[in-house]
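Report on one structure; see the data block that follows.
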Amino acid sequence: MASVFSAPTRNLDIVTLHEILRLRQDVFVVEQGCAYGDIDGRDLEPGTVQFWAGEGSVDATLRLLREPDGTERIGRVVTAARARGTGLGAQLMEAALAETRSPVVVLGAQAHLEQWYGRFGFVRSGEDYMEDTIPHVPMTRTR
30 MASVFSAPTR NLDIVTLHEI LRLRQDVFVV EQGCAYGDID GRDLEPGTVQ
80 FWAGEGSVDA TLRLLREPDG TERIGRVVTA ARARGTGLGA QLMEAALAET
130 RSPVVVLGAQ AHLEQWYGRF GFVRSGEDYM EDTIPHVPMT RTR
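Okay, so the sequence shown: first residue is 30 according to the working numbering, each after it adds one.
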């Protein structure tokens, strides 16, 4: 089982931050062919926490954002091709959800992963939409 780590973005060492951003670029921009602004400023917002897992490398990552209305948002959920199917994504989701304070957590799921996010209590909360040429679905988890 890989180790899971978390820290506010501002507290990350430069190597870990580089590896997180590189993984997001490798999968979302290169593998999925989506030219988009991954470095959107939200990583540096107060309250943003990065989660990552791996054995000596960043093999999976996600970020937890705190929205102005009090909800929390999980995003940039990604696992390296070499680590898919190992449960790292699930470990990160469980770790992030354990850190949430809000009774409402939202995310925008790639549509083909709707059932996967459903395992963590997320349910569809709106109509499908396109984001960077990929079908997405809004999802919400309420406790």
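By construction, the Cβ of each residue, glycine as well, lies at the ideal position given by its N, Cα and C atoms.
All of these numbers come straight from a predicted model, not from anything done at the bench.
List the whole-angstrom C-beta distance separating residue i from residue j, where the pair is believed to meet the contact cut-off of C-beta under 8 angstroms.
i: T171; j: P132; result: 6 angstroms
Anyone know if the C-beta pair for residue i and residue j falls short of 7 angstroms?
i: L94; j: T108; result: no
i: F80; j: L73; result: no
i: R102; j: V135; result: yes
i: L112; j: A89; result: Per the sequence shown, residue 112 should be read as Ala rather than Leu. Result yes, Cβ atoms of A112 and A89 sit closer than 7 angstroms.
i: V87; j: I43; result: no
i: H165; j: A127; result: no
i: F151; j: M122; result: no
For residue i, which of helix, strand or coil comes out of DSSP?
i: E160; result: strand
i: E123; result: helix
i: R113; result: coil
i: T137; result: Checking the sequence, you will find Gly at residue 137 rather than Thr. G137: strand per DSSP, three-state reduction.
i: G99; result: coil
i: G155; result: coil
i: G104; result: strand
Compute the Euclidean distance between the alpha carbons of residue i and residue j, then round it to the nearest angstrom.
i: G114; j: G70; result: 30 angstroms
i: S32; j: Y65; result: 30 angstroms
i: G147; j: G155; result: 14 angstroms
i: T38; j: H47; result: 11 angstroms
i: Q144; j: P167; result: 12 angstroms
i: Q61; j: L52; result: 12 angstroms
i: I68; j: D161; result: 15 angstroms
i: A82; j: F34; result: 6 angstroms
i: A125; j: D157; result: 24 angstroms
i: T169; j: T100; result: 10 angstroms
i: A119; j: C63; result: 24 angstroms
| Fully enclosed by the region 37 to 86, which alpha helix (DSSP H) runs are 4 residues long or longer? | Correct list: 43 to 53.
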